[in-house]
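Report on the following structure.
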Ligand SMILES: [Zn+2]
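In my numbering, the protein residues as written are 19 to 95.
This is the structure in structure tokens:
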């Protein structure tokens, strides 16, 4: 069974909290920006984590596996 969590930076992120994942690395032009070249992963409640390209790809794969793999079978109603 696939984990519902995905490790980004040093945080285990629940996949259902991910709103969107950046397609291109962050660039804002600020000299002191610590996020240059990192990929933003936006979470619920205006929260966000910053991932490397490998972590970003891993998150997308994990979400696809999660959505496609363990679909709820209508037991909710
Ligand atoms: Zn920046």
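The beta carbon of each residue, even a glycine, is placed where N, CA and C say it ideally should be.
Given the structure is predicted, the values throughout are model-derived calculations rather than measurements.
Ligand 1 heavy atom lying under 6 angstroms from the CB of residue i
i          : result
residue 53 : yes
residue 46 : yes
Straight-line gap, residue i to residue j (C-alpha atoms, nearest Å)
i          : j          : result
residue 53 : residue 81 : 23 angstroms
residue 28 : residue 67 : 10 angstroms
Exposure label - residue i; buried when at least 16 CB within 10 Å
i          : result
residue 34 : exposed
residue 73 : buried
residue 56 : buried
residue 42 : exposed
Endpoints, beta strand (DSSP E) assigned at residue i
i          : result
residue 59 : 57-61
residue 23 : 23-26
residue 66 : 66-69
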